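Q:
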Amino acid sequence: MEYKVHPLWHFLEQTYGFEQAFRMFKPYEGANILPKLVDKNTMVVTMPLILSNTNYVGTHFGGSLYSMCDPFFMFLLMMNLGKDYMVWDKGAKIDFVKPGEGTVTATFHIPNSEFEDLKELLKKEKKTIRTYETEVVGEDGKTVSKITKDLYIRRLV
């Protein structure tokens, strides 16, 4: 299998921009997940509580809380490492801390030093697994859930 961005995603991103392409992705559209690329190292994702992301007891559906966090560390790595590297999700964990109500927010940030460290490491090793963490916070600033993502990163050339 060749590793590359799917042609549909490439078209959507080139035509409408990164953020709008995600908003057109049906699972994100349905849950009203709104990603914003702040800079090349940071994404902020929000999700207001609406009927289509509400669970049986009226708080945020756990699957939507995870979905709003699923791909963004991978995308930051892909954008910053470039086409000479492969990035795949290896594993994930979500810890539900308290019910999510109102608009929830997750911030994804990877510093430049991490990209530099990865490139240096992958000159010696062909692959590595890195762990990244973020929290989903409510409007009150309190933690709703904690997300841990394990990413497989491989040098292609």
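Anchor point for the sequence shown: position 99 equals 99 in the UniProt record's numbering, and the numbering is continuous, going up by one each time. Using N, Cα and C, we set each Cβ at its ideal position, and we do this for glycine too. Bear in mind the structure is a predicted one, so any value in this text is a computation, not a measurement.
Flag this pair as touching only if the segment 136-146 and the segment 102-119 have three or more C-beta atom pairs under 8 Å; answer yes or no.
A: yes
Q: Taking Gly-30 as part of the alpha helix (DSSP H), name the residues at either end of that continuous run.
A: Taking the sequence shown and counting its residues from 1, the one referred to as residue 30 is at position 30. Gly-30 -> alpha helix (DSSP H) spans 26-31.
Q: With a cut-off of 8 Å on the beta carbons, I'd call Trp-154 and Met-74 a contact; round off their distance for me.
A: For the purposes of this step, residue 154 is taken as the residue at position 154 of the sequence shown. For the purposes of this step, residue 74 is taken as the residue at position 74 of the sequence shown. Contrary to the premise, residue 154 reads as Arg rather than Trp in this sequence. With 8 Å as the limit, Arg-154 and Met-74 do not qualify as a contact, their Cβ atoms being about 13 Å apart.
Q: Cα-Cα, which of Gly-58, Ile-110, Ile-129 is closest to Val-38?
A: Residue numbering aside, residue 38 sits at position 38 when the sequence shown is read from its first letter. It is Ile-110.
Q: If I'm right that Leu-49 touches His-60 with Cβ under 8 Å, what's the distance once you round it to whole angstroms?
A: Numbered from 1 along the sequence shown, position 49 holds the residue referred to as residue 49. Numbered from 1 along the sequence shown, position 60 holds the residue referred to as residue 60. Leu-49 to His-60, Cβ: 6 Å. Contact.
Q: So within the segment 87-136, which uninterrupted beta strand (DSSP E) runs reach at least 3 residues, ignoring any that extend past its ends?
A: 104-109
Q: Which ranges does the beta strand (DSSP E) cover as unbroken runs of at least 3 residues, wholly within the segment 37-63, from first to last along the chain?
A: 42-47
Q: What's the gap between the Cα of Val-45 and the Cα of Phe-22?
A: Locating residue 45 in the sequence shown gives position 45, counting from the first residue. Locating residue 22 in the sequence shown gives position 22, counting from the first residue. Using only the alpha carbons, I get a separation of about 11 Å.
Q: Quick test of your reading: Ile-33 and Ile-94, contact by CB under 8 Å. State the CB separation rounded to the nearest angstrom.
A: Position 33 of the sequence shown holds residue 33. Position 94 of the sequence shown holds residue 94. With 8 Å as the limit, Ile-33 and Ile-94 do not qualify as a contact, their Cβ atoms being about 15 Å apart.
Q: Which residues mark the beginning and the end of the beta strand (DSSP E) in which Leu-8 is found?
A: Here residue 8 refers to the residue found at position 8 when the sequence shown is read from its first residue. First-last for Leu-8: 7-16, but that is the alpha helix (DSSP H), not the beta strand (DSSP E).
Q: With distances taken from CA atoms, which of Asn-55, Glu-114, Lys-124, Thr-143 is nearest Pro-130?
A: Reading the sequence shown from its first residue, position 130 is the one you call residue 130. Here residue 130 is Arg; the residue named in the question, Pro, does not match the sequence. The shortest Cα separation from Arg-130 among Asn-55, Glu-114, Lys-124, Thr-143 belongs to Glu-114.
Q: On a CA-only basis, which of Lys-119, Pro-99, Glu-116 is nearest Asn-141? Give me that one, please.
A: Indexing the sequence shown from 1 puts residue 141 at position 141. The sequence given here has Gly at residue 141, not Asn. Looking at the Cα atoms, Pro-99 is the closest of the given residues.
Q: Output yes or no for whether 8 Å exceeds the beta carbon distance between Asn-80 and Ser-64.
A: Looking up residue 80 in the sequence shown gives position 80. Looking up residue 64 in the sequence shown gives position 64. Cβ atoms of Asn-80 and Ser-64: not closer than 8 Å.
Q: Output needed for Phe-78: all residues of its chain with C-beta closer than 7 Å, excluding positions within five of it in sequence on either side, in chain order.
A: Position 78 of the sequence shown, counted from the start, is the residue given in the question as residue 78. For the record, residue 78 in the displayed sequence is Met; it is not Phe. Excluding sequence neighbours, Met-78 sits near Val-87.
Q: For Tyr-66, I'd like the list of residues in its chain whose CB is within less than 6 Å of its CB, leaving aside the five on either flank, ordered along the chain.
A: In the sequence shown, the residue the question calls residue 66 occupies position 66. Within the same chain, Tyr-66 has close Cβ partners Ile-94.
Q: What is the residue span of the alpha helix (DSSP H) that Asp-81 lies within?
A: Counting from one through the sequence shown, the residue named residue 81 turns up at place 81. The amino acid at residue 81 is misidentified as Asp; the sequence shows Leu. 72-81 is the span of the alpha helix (DSSP H), which, as asked, contains Leu-81.
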